[in-house]
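Student: Numbering (our numbering), first residue to last: -14 to 146.
This is the structure, below, for whatever I ask next.
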Amino acid sequence: MGLTAEQCKRIEAFYLDMYDLLLIYARNSLDNESLAEEAIQETFRIVCTKPEDLLSSPNPKGWIVNALKYTIQNMKRSRDKANALLTQYLASNGGGGGVSEDRISLEVTYENVAHSEEFQLIKEMAVEGKSHLEMAQSRGISVAACKKRVQRAKEFLRRKI
């Protein structure tokens, strides 16, 4: 079911009113401007899928802040999983052990998969801290397509481990 014109107007008003506050909160939580913007976009995507929940809440601004909080937690969890997966992969192939990326390039150490799109995606997310939005833009694809590629990349690396 789509949004009514009234729901759109009210949600847009919340977005315009709260954006700066939400950006500060998200930026402080994620330490990254692009990830913060992505978190706000995801939060308002959720808002648009649950307009009745938001608009019937006695505290709609609090509802939005809580939605952002949970979105940020999910983003951190995804990033932590990507980091753990990459760390596990590196450790299982003899590359962990405190060796920094500065001293030995990941691409050289893991040349058997380093040139794969999967490895590059996980490396960009886990090591370089890029957001789905940044990775999608650099590849000329949608954020949804990028998220799907990251999901496939994780599965690819799991199979390799």
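For each residue, glycine too, the CB sits at the ideal point set by N, CA and C.
Out of N59, N44, S42, L142, which has the shortest C-alpha to C-alpha gap to A76?
Tutor: Position 91 of the sequence shown holds residue 76. With distances taken between Cα atoms, A76 lies closest to L142.
Student: Take every Cβ of the stretch -10 to -2, pair it with every Cβ of the stretch 7 to 17, and state whether three or more of those distances are shorter than 8 Å.
Tutor: Judged by Cβ distances under 8 Å, the stretch -10 to -2 makes no contact with the stretch 7 to 17, as fewer than three pairs qualify.
Student: Using only alpha-carbon positions, find the residue among R144, E113, E22, L106 that is nearest to A130.
Tutor: Within the sequence shown, numbered from 1, the residue matching residue 130 stands at position 145. Among R144, E113, E22, L106, the Cα nearest to that of A130 belongs to L106.
Student: DSSP on D16, reduced to helix/strand/coil?
Tutor: Against the sequence shown, residue 16 aligns to sequence position 31. In this structure, D16 counts as coil in the three-state DSSP scheme.
Student: Count the other CB atoms within 10 Å of the CB of V112; is the residue buried (16 or more) or exposed (fewer)?
Tutor: As a working mapping, residue 112 is identified with position 127 in the sequence shown. V112 is exposed by the Cβ-count criterion.
Student: Would you mind giving the Cβ-Cβ distance between T56 and T28, rounded to the nearest angstrom? I have them listed as a contact below 8 Å.
Tutor: Translated into positions along the sequence shown, residue 56 becomes position 71. Translated into positions along the sequence shown, residue 28 becomes position 43. Right, the Cβ-Cβ distance comes to about 5 Å (below 8 Å), so this counts as a contact.
Student: Skipping 5 residues on each side, what residues in its chain have a beta carbon closer than 6 Å to that of E109?
Tutor: What you label residue 109 is simply residue 124 of the sequence shown in a count that begins at 1. Excluding positions up to five away in sequence, the list reads K115, M120.
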